[in-house]
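Enquirer: Residue numbers (this note's numbering): 25 to 220. Would you mind keeping the following structure in view while I ask a few things?
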Amino acid sequence: MHSTLSRLNAVSALSTTIALTLVVFIDLFSFPSASPFTPRYQPSGNLTINQLDVVRGKAAWHMDRNIQDFIEVNFNIDADFSPLFDWNTKQVFVSLAAHYDSAKHIKNQVVIWDRILRSKQDANVAVKGGRNQYGLREVGRSFSNVKNVTFTLKYNVMPKIGLLHYDDEFVTDSITLPAKQTGSDGQQVKVQRLYY
Numbered sequence: 025m026h027s028t029l030s031r032l033n034a035v036s037a038l039s040t041t042i043a044l045t046l047v048v049f050i051d052l053f054s055f056p057s058a059s060p061f062t063p064r065y066q067p068s069g070n071l072t073i074n075q076l077d078v079v080r081g082k083a084a085w086h087m088d089r090n091i092q093d094f095i096e097v098n099f100n101i102d103a104d105f106s107p108l109f110d111w112n113t114k115q116v117f118v119s120l121a122a123h124y125d126s127a128k129h130i131k132n133q134v135v136i137w138d139r140i141l142r143s144k145q146d147a148n149v150a151v152k153g154g155r156n157q158y159g160l161r162e163v164g165r166s167f168s169n170v171k172n173v174t175f176t177l178k179y180n181v182m183p184k185i186g187l188l189h190y191d192d193e194f195v196t197d198s199i200t201l202p203a204k205q206t207g208s209d210g211q212q213v214k215v216q217r218l219y220y
């Protein structure tokens with residue numbers, strides 16, 4: 025006869041195998057874009073960058089309080105993420121990221137705005153005249169070597185069971201970075217205190 029421990033081992037191994045197999049099937053069949061068995065649902069909408077300004081400032085809430093360049097962004101987002109919600113969706117994380125190349129660092133990606141959508145009722149995102157929540161600054165403290173910036177609205181679907189699913193939704197064209205703000209006499213404007 026088998027001992028109690030060997031029977032317990034066999035039952036726990038079988039139940040773990042069944043649970044993990046069930047999780048794989050749930051993940052495979054629940055998220056539309058990852059599954060070959062269900063149609064792909066895409067969010068709809070648009071992203072518009074209204075204005076970019078390069079300002080000289082100090083971050084009030086950051087450890088590095090040196091004077092440096094910051095980019096202030098004014099944008100509009102009108103997007104519907106409700107097709108991403110189903111019975112297995114816990115929440116959707118939406119973020120706006122700026123992408124640029126500099127001489128010292130080839131690829132730079134900085135998140136400047138984000139929002140967590142917890143239900144299908146919250147899935148319509150309408151932001152008019154939005155400003156960046158997080159400071160957009162260059163590691164070298166100056167944007168003099170940066171010519172263009174591209175903005176991408178990204179989303180991350182967090183399921184109740186299964187893997188995270190990422191995608192880029194809207195990408196702007198490359199936008200030429202404006203020159204630093206100067207006063208009427210050609211001198212740089214006063215250093216601003218920025219609350220990011």
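Virtual Cβ for every residue (Gly too), placed ideally from N, Cα, C. Keep in mind it's a predicted model, so treat the numbers as computed, not measured.
1. Given a cut-off of 9 Å, decide if GLU193 and LYS171 are closer than it, judged by their beta-carbon atoms.
2. Enumerate in chain order the residues of its own chain whose CB-to-CB distance from GLN115 is below 7 Å, with the five nearest sequence positions on each side excluded.
3. Check this for me: beta carbons of GLY164 and SER198, under 9 Å apart or not?
4. Only counting the same chain, and skipping five residues up and downstream in sequence, which positions put a Cβ closer than 6 Å to that of THR176?
5. According to DSSP, what are the bridge partners of GLN92?
6. Mapping DSSP to helix, strand and coil, what is VAL163?
7. Checking the sheet assignment: what are the DSSP bridge partners for PHE194?
8. Return the first residue and the last residue of the beta strand (DSSP E) that ILE130 is part of.
9. Per DSSP, what kind of secondary structure is LEU188 in: helix, strand or coil?
10. Since ASN156 is in the beta strand (DSSP E), which residue starts that stretch and which ends it?
11. Taking 8 Å as the threshold, find out whether the stretch 152 to 161 comes into contact with the stretch 104 to 118 through three or more Cβ pairs.
12. So, is HIS129 buried or exposed, given that buried needs 16 or more other C-beta atoms within 10 angstroms?
13. Let me know the secondary structure DSSP gives GLN216 once reduced to three states.
14. Per the contact definition of three or more C-beta pairs closer than 8 Å, is the stretch 29 to 40 in contact with the stretch 144 to 156?
15. Is the distance from the Cβ of VAL173 to the Cβ of ILE95 below 9 Å?
16. Do TRP137 and PHE99 have their CB atoms nearer than 9 Å?
17. Closer than 6 Å by C-beta to LYS144: which residues in its own chain qualify, once you throw out the five before and the five after it? Chain order, please.
18. Based on the DSSP secondary-structure assignment, which residues constitute the bridge partners of ASN98?
19. Could you pull the DSSP bridge partners for GLN115 from this structure?
Expert: Taking the coordinates as given:
1. Position 147 of the sequence shown, counted from the start, is the residue given in the question as residue 171. Position 169 of the sequence shown, counted from the start, is the residue given in the question as residue 193. Not a contact, by the Cβ cut-off of 9 Å.
2. Locating residue 115 in the sequence shown gives position 91, where the first residue counts as 1. So the list reads ILE140, LEU141, ARG142 and MET182, once near-sequence residues are dropped.
3. By one-based count along the sequence shown, residue 164 stands at place 140. By one-based count along the sequence shown, residue 198 stands at place 174. Judged by their CB atoms, GLY164 and SER198 are not nearer to each other than the 9 Å cut-off.
4. Here residue 176 refers to the residue found at position 152 when the sequence shown is read from its first residue. Cβ neighbours of THR176 beyond the five flanking positions: ALA121, ASP192 and VAL195.
5. Taking the first residue of the sequence shown as 1, we reach residue 92 at position 68. DSSP lists GLY81 as partners of GLN92.
6. In the sequence shown, counting from the first residue as 1, residue 163 sits at position 139. VAL163 falls in the coil class under three-state DSSP.
7. Reading the sequence shown from its first residue, position 170 is the one you call residue 194. PHE194 pairs with LEU177.
8. Counting from one through the sequence shown, the residue named residue 130 turns up at place 106. Here ILE130 belongs to no beta strand (DSSP E), and DSSP marks it neither H nor E.
9. For the purposes of this step, residue 188 is taken as residue 164 along the sequence shown, with counting starting at 1. DSSP, read as helix, strand or coil, puts LEU188 in coil.
10. Here the question's residue 156 lines up with position 132 in the sequence shown. Segment: none, ASN156 is in no beta strand (DSSP E) and carries neither H nor E.
11. Taking 8 Å as the limit for Cβ pairs, the verdict is that the stretch 104 to 118 does not touch the stretch 152 to 161.
12. Working through the sequence shown from its first residue, we reach residue 129 at position 105. So HIS129 ends up on the exposed side.
13. On the sequence shown, position 192 is the one that residue 216 refers to. In the three-state scheme derived from DSSP, where H, G and I count as helix and E and B as strand, GLN216 is classed as strand.
14. Touching, no, given that fewer than three Cβ pairs across the two stretches are closer than 8 Å.
15. Here residue 173 refers to the residue found at position 149 when the sequence shown is read from its first residue. Here residue 95 refers to the residue found at position 71 when the sequence shown is read from its first residue. Taking 9 Å as the Cβ cut-off, VAL173 and ILE95 qualify as a contacting pair.
16. Numbered from 1 along the sequence shown, position 113 holds the residue referred to as residue 137. Numbered from 1 along the sequence shown, position 75 holds the residue referred to as residue 99. Taking 9 Å as the cut-off, the beta carbon of TRP137 is found closer than this to the beta carbon of PHE99.
17. Taking the sequence shown and counting its residues from 1, the one referred to as residue 144 is at position 120. Within the same chain, LYS144 has close Cβ partners SER106 and PHE109.
18. Taking the sequence shown and counting its residues from 1, one reaches residue 98 at position 74. Answer is GLN75 and ARG155, bridged to ASN98.
19. Within the sequence shown, numbered from 1, the residue matching residue 115 stands at position 91. In DSSP, GLN115 forms a bridge with MET182.
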